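Student:
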Amino acid sequence: MAVAAPVARSAARSAARAGARVRPGLVLALLVLAVLVVAVAAPGLITRVDPLAADPLRALAPPGAGHPLGTDHLGRDVFARVVYGARHSLGIGALATALAVGAGSLLGLAAGLAARLAGEALARLFDVLSTFPELLLALLVIAITGPGTWNVVVAIGIAQIPTYARVVRAQTFVVRRSGYVEQAVTFGHSRARVVARHVLPNVVGPVPVLATIGLGQAVIATSGLSFLGMGPQPPAPEWGTMLAESRDYLRVASWVAFSPGVALTLSVVCLTVAGRHLQRRFEGRTP
Amino acid sequence: MTAALPARRPPAGRGLAGLRVPAWLGTPVRRLVTAVAVLWAAATTAYAALLLAPGDTVDILVGDGADTPEIRAQIVAEWGLDRPEAVRYLSYLGRLLHGDLGRSYQLQRDVGEILAGQVGPTVRLTLAAAAVGVVLAVAVAVATAGRSVWPRRIVSAAELVAVSVPQFVIGIVLLFVFSFSLGWFPVSGAADPQALVLPALALGLPVAGVLGQVLREGLERALEQPFAVTARSRGLSERAVVARHALRHALLPAVTLAGWFTGVLLGGAVITEALFGRPGLGRVTMQAVTGKDMPVVMAVVILSAAVYVTISALLDLAYRLIDPRLRSA
Numbered sequence: 001m002a003v004a005a006p007v008a009r010s011a012a013r014s015a016a017r018a019g020a021r022v023r024p025g026l027v028l029a030l031l032v033l034a035v036l037v038v039a040v041a042a043p044g045l046i047t048r049v050d051p052l053a054a055d056p057l058r059a060l061a062p063p064g065a066g067h068p069l070g071t072d073h074l075g076r077d078v079f080a081r082v083v084y085g086a087r088h089s090l091g092i093g094a095l096a097t098a099l100a101v102g103a104g105s106l107l108g109l110a111a112g113l114a115a116r117l118a119g120e121a122l123a124r125l126f127d128v129l130s131t132f133p134e135l136l137l138a139l140l141v142i143a144i145t146g147p148g149t150w151n152v153v154v155a156i157g158i159a160q161i162p163t164y165a166r167v168v169r170a171q172t173f174v175v176r177r178s179g180y181v182e183q184a185v186t187f188g189h190s191r192a193r194v195v196a197r198h199v200l201p202n203v204v205g206p207v208p209v210l211a212t213i214g215l216g217q218a219v220i221a222t223s224g225l226s227f228l229g230m231g232p233q234p235p236a237p238e239w240g241t242m243l244a245e246s247r248d249y250l251r252v253a254s255w256v257a258f259s260p261g262v263a264l265t266l267s268v269v270c271l272t273v274a275g276r277h278l279q280r281r282f283e284g285r286t287p
Numbered sequence: 001m002t003a004a005l006p007a008r009r010p011p012a013g014r015g016l017a018g019l020r021v022p023a024w025l026g027t028p029v030r031r032l033v034t035a036v037a038v039l040w041a042a043a044t045t046a047y048a049a050l051l052l053a054p055g056d057t058v059d060i061l062v063g064d065g066a067d068t069p070e071i072r073a074q075i076v077a078e079w080g081l082d083r084p085e086a087v088r089y090l091s092y093l094g095r096l097l098h099g100d101l102g103r104s105y106q107l108q109r110d111v112g113e114i115l116a117g118q119v120g121p122t123v124r125l126t127l128a129a130a131a132v133g134v135v136l137a138v139a140v141a142v143a144t145a146g147r148s149v150w151p152r153r154i155v156s157a158a159e160l161v162a163v164s165v166p167q168f169v170i171g172i173v174l175l176f177v178f179s180f181s182l183g184w185f186p187v188s189g190a191a192d193p194q195a196l197v198l199p200a201l202a203l204g205l206p207v208a209g210v211l212g213q214v215l216r217e218g219l220e221r222a223l224e225q226p227f228a229v230t231a232r233s234r235g236l237s238e239r240a241v242v243a244r245h246a247l248r249h250a251l252l253p254a255v256t257l258a259g260w261f262t263g264v265l266l267g268g269a270v271i272t273e274a275l276f277g278r279p280g281l282g283r284v285t286m287q288a289v290t291g292k293d294m295p296v297v298m299a300v301v302i303l304s305a306a307v308y309v310t311i312s313a314l315l316d317l318a319y320r321l322i323d324p325r326l327r328s329a
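If you're matching them up, the sequences are chains A and B in order. Counting in UniProt numbering, the first sequence runs without a single skipped number right up to 287 at its last residue. Counting in UniProt numbering, the second sequence runs without a single skipped number right up to 329 at its last residue.
#1: Assuming R166 (chain A) and S130 (chain A) form a contact by the criterion Cβ under 8 Å, report the distance between their Cβ atoms to the nearest whole angstrom.
#2: Grab me the residues of A243 (chain B)'s own chain with a C-beta within less than 8 Å of its C-beta, minus the 5 sequence neighbours each way, in chain order.
#3: State the Cα-Cα distance for the pair Q217 (chain A) and V268 (chain A), rounded to the nearest angstrom.
#4: Taking C-beta to C-beta, are A110 (chain A) and A123 (chain A) nearer than 8 Å?
#5: In the DSSP assignment, what residue or residues form a beta bridge with D100 (chain B)?
#6: Output needed in chain order: residues of the stretch 276-290 of chain B with a Cβ under 8 Å from some Cβ in chain A.
#7: Could you pull out every unbroken beta strand (DSSP E) segment of at least 3 residues lying fully inside the stretch 133-177 of chain A, listed in chain order?
#8: Output, in chain order, the set of chain A residues within a Cβ distance shorter than 7 Å of P166 (chain B).
#9: Helix or strand or just coil, what does DSSP make of R278 (chain B)?
#10: Just to check my reading of the structure: L139 (chain A) and T57 (chain B) have Cβ atoms closer than 8 Å, yes? What is that Cβ distance to the nearest angstrom?
#11: So that I know if they touch, is there some Cβ in chain B lying closer than 8 Å to that of I142 (chain A)?
#12: Checking contacts by CB at 8 Å: is Y319 (chain B) closer than that to chain A?
#13: Let me know the secondary structure DSSP gives D77 (chain A) once reduced to three states.
#14: Give me the Cβ distance between V40 (chain A) and R87 (chain A), rounded to the nearest whole Å; I'm assuming they're in contact under 8 Å.
#15: Roughly how many angstroms separate the alpha carbons of S181 (chain B) and A200 (chain B), rounded to a whole number?
#16: Which residue wins for smallest C-alpha separation from V78 (chain A), given the options A:L90, A:G64 and A:G91?
#17: Using 8 Å for Cβ pairs, my map puts L125 (chain A) next to I158 (chain A). What's the rounded Cβ distance?
#18: Quick one: list the residues of chain B neighbouring G216 (chain A), beta-carbon separation under 7 Å, in chain order.
#19: What does the alpha-carbon distance come out to for the pair R152 (chain A) and V141 (chain A)?
#20: List the residues of chain A that Y308 (chain B) touches, going by C-beta distances under 9 Å, in chain order.
#21: Given a cut-off of 8 Å on the beta-carbon distance, is the pair V87 (chain B) and G80 (chain B) in contact?
#22: If you follow the alpha helix (DSSP H) that Y180 (chain A) is in, where does it begin and where does it stop?
#23: Go through its chain and collect everything with a Cβ distance to A306 (chain B)'s Cβ below 7 Å, but skip five positions before and after it.
#24: Please name the residue in B:G212, B:G120 and B:G267 whose C-alpha comes closest to that of residue 328 (chain A).
#25: Would you list, in chain order, the members of the stretch 248-268 of chain B that have their beta-carbon closer than 9 Å to a beta-carbon of chain A?
#26: From the DSSP secondary-structure annotation, give me the bridge partner or partners of H67 (chain A).
#27: Looking only at its chain, what residues have a beta carbon closer than 6 Å to the beta carbon of A250 (chain B), apart from the 5 residues adjacent to it on each side?
#28: Cα separation between F185 (chain B) and D192 (chain B)?
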């Protein structure tokens, strides 16, 4: 994964090359992701129904007129809850990924630039931490902070820091020894300038690729923690929480489980497809 | 962590946890050093979590349990909170070295005792899930490696879904189909062996997805090697080439992933046990997290690191059995 080559300037050309053979799977994935972005940013555009409005008289109504995906055990509209749930499930996943990418890149950069012993020590620490089951690390944080939306962001973010730190450190380690960095140092540029202008741009290359796949995993982790009751508290419509609630009514009202399950799976599949495409392009672009 | 992230495969050719230990130490010593390092890091991470938590350490260790002056005095004595920072940390490590995982002040029991009572169901679940993952992955990889385009496309789509679907969604689908609709398996509990089938499938399928991909790639690479051509030229059927010659090569990269699988199975066990209402370590962990029972949560982190270390060491040995080239090294 570690690559020392400078960032290619001909992004337009490689885009044109990739566009030459359009993959239907990728197009479909990007379309779904676009809809999901709308659901996160402006769920009101997709449905006007209030996801929290309960109607006990119409509890567990099957899909039909008025409620395209049925209602849950409190008579809330499942479609509206799935749409508004995107903000929770994907939003928390995105924030956690942003936290992990930011902190992980900084730590990785520091470990890659640090003096030999300190750098090695940090690198070994990332290695060891990344072997831990992420869910257990996240639960360790939740045990201290308690459940809740922001605590899940922090827990998953911290649990994923080692992933990004490892990659960025490995990359930094290679780049700092490369010819162009050596040359920049020879020119007498300050250390800060060399790091900002030459090291950083060439180090963060693989990060967006990792982050796309990592976002899918963060969404799975978010819904997993919510499923366990650690995420946004009821009545918030988080997909994992909805699935946990639906388990008790599975025999009589499978549609309550069906929709959030499909939404969750579809989101992660599309993120993985997009991430793998980026991965192939990135690997094809650099020697 | 729930499901899989194939992009995060550990780089091949590096040892346990990717640690590099000087070569002159010799393999057994090297393995021991890395194992100790992983365990130490786990213990220290758990300890750091306790230290970094906002608030008074005694309050945190009490958690949601009964808060009496006697219990507070007991905590101060057992954790050495009246002594200097360094002594505290060293005595914590020393206690762990003696196999003492501490005491849950909420349950008024030793943590080791609590965990020991719940290991059985979780071990059965994870072993069954690992078996499901390995058997499915080998079967699918052998059946599709080197075949025509369409079966492979279908299988890789299935693998993509297996990797992307959270374990609890797989579990809910299995529950709906096989328990609620068909009535073949019990909905929850762990009383009879039948109750193990669905949880093991839910936990094992994501593993099968990733493992299947790795095995298929490995098989396809191995089938192009000269030794495969030689075997074919001796008149062996394609199936015999795969079974006797290629599979062994394909297994090697899969074994490198074993540590990652351990993590998926351990983390997934928490969610699977919750979904299927099974007793086990996962349920203990959830109760501890909900009740803020820090000594138990810390012990679970350390225990999972110990499991990881043990499995990695065992697979290191397996690696040598599979690949005779490593035995002389």
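In this text, a Cβ means the ideal position worked out from N, Cα and C, and glycines have one as well. All of these numbers come straight from a predicted model, not from anything done at the bench.
Tutor: Quick answer:
#1: Yes, R166 (chain A) and S130 (chain A) are in contact; Cβ-Cβ is about 6 Å, under 8 Å.
#2: V142
#3: 7 Å
#4: Contact flag unset, no.
#5: The partner list for D100 (chain B) (beta bridge, DSSP) is empty, contrary to what the question assumes.
#6: If the cut-off is 8 Å between Cβ atoms, the stretch 276-290 of chain B has T285, M286, A288, V289 and T290 near chain A.
#7: none
#8: I220, S223, G224 and L264
#9: Of the three classes helix, strand and coil, the one that applies to R278 (chain B) here is coil, per DSSP.
#10: Their Cβ separation, rounded to whole angstroms, is 20 Å, which puts L139 (chain A) and T57 (chain B) out of contact at 8 Å.
#11: Chain B contact via Cβ: present.
#12: no
#13: strand
#14: Rounded, the Cβ-Cβ distance is 5 Å, consistent with contact.
#15: Taking the straight line joining both Cα atoms gives about 19 Å.
#16: Nearest option by C-alpha distance: A:G64.
#17: About 13 Å separates the two Cβ atoms, so there is no contact after all.
#18: Within chain B, S164 have C-beta atoms less than 7 Å from the C-beta of G216 (chain A), given in sequence order.
#19: The identity of residue 152 (chain A) in the sequence shown is Val, whereas the question assumes Arg. So the two alpha carbons sit approximately 9 Å from each other.
#20: T131, F132 and P133
#21: In this structure, V87 (chain B) places its C-beta atom within 8 Å of the C-beta atom of G80 (chain B).
#22: G179 to T186
#23: L39
#24: This structure cannot settle anything about residue 328 (chain A), because the visible part of chain A is limited to 1 through 287.
#25: Here the close residues are G259, W260, T262, G263, V264, L265, L266, G267 and G268.
#26: A:G64
#27: Scanning its chain for C-beta atoms nearer than 6 Å, with the 5 sequence neighbours on each side dropped, one finds around A250 (chain B) the residues L215, G218, L219 and A222, in chain order.
#28: 10 Å
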